[in-house]
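Counting along the sequence shown from 1, when you hit position 79 you're at 79 in the UniProt record's numbering, and nothing is skipped either side. Report on the following structure.
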Amino acid sequence: MEHALPLLLQTQQAAEAGDFELPMPHAVHRLDYRVGGLLLVAKTRKTEVDLSAQLERHSVTKQYRAILVGNVREKIPTRDRNKPGVASIELPSALMEIQDELHFLDGEIDNKQCLTAMRIVSTTRR
1 MEHALPLLLQ TQQAAEAGDF ELPMPHAVHR LDYRVGGLLL VAKTRKTEVD
51 LSAQLERHSV TKQYRAILVG NVREKIPTRD RNKPGVASIE LPSALMEIQD
101 ELHFLDGEID NKQCLTAMRI VSTTRR
């Protein structure tokens with residue numbers, strides 16, 4: 001990966017009119033850094049501004065795949081419509097279709113409220 005990343009960050013096309021290429025790719029945000037999350041990188045000023053605005057509006061939707069150890073079904077509740085933090089969340093349409101299969105974790109990280117929706121795709125035995 002350390003050899004591939006510089007190649008992926010190379011400029012591939014000229015910036016749009018009214019935009020300019022940054023001298024070096026700029027790290028805009030480290031999403032979910034507490035769990036080793038994704039690093040957002042901008043190559044142009046316009047992209048940097050657009051990504052920053054989306055993060056400020058909280059309009060970024062993240063989707064992950066994870067492998068967990070243990071029996072998650074027993075420890076994490078499904079959506080409880082009576083629980084204010086979970087019941088009040090407006091789910092994206094893709095999640096509305098599978099809302100009965102979702103499990104939710106809610107709590108605080110770094111004094112910020114966070115909610116994780118997850119679906120168990122498959123399980124195995126050790």
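Quick reminder that beta carbons are idealized off the backbone N, C-alpha and C, glycines included.
In the DSSP assignment, residue 57 falls outside any beta strand (DSSP E) and carries neither an H nor an E. Burial is judged here by how many other beta carbons sit within 10 angstroms of a residue's own beta carbon; residue 117 has at least 16 and is buried. Less than 8 Å separates the beta-carbon of residue 48 from that of residue 28. When C-alpha distances from residue 61 are compared across 43, 115 and 122, the shortest belongs to 115. Excluding its 5 nearest sequence neighbours in each direction, residue 107 has no C-beta neighbour in its own chain below 6 Å. A straight line joining the alpha-carbon of residue 51 with that of residue 58 spans about 11 Å.
Of the candidates 113, 68 and 21, 68 places its Cα closest to the Cα of residue 123. C-alpha of residue 25 to C-alpha of residue 41: approximately 6 Å in a straight line.
For residue 99, the three-state secondary structure derived from DSSP is helix. Annotation: the continuous beta strand (DSSP E) that includes residue 44 extends over 39-44.
Sorting 103, 31, 110 and 54 by C-alpha distance to the C-alpha of residue 71 places 103 at the top.
By alpha-carbon distance to residue 119, the top candidate from 113, 110 and 66 is 66.
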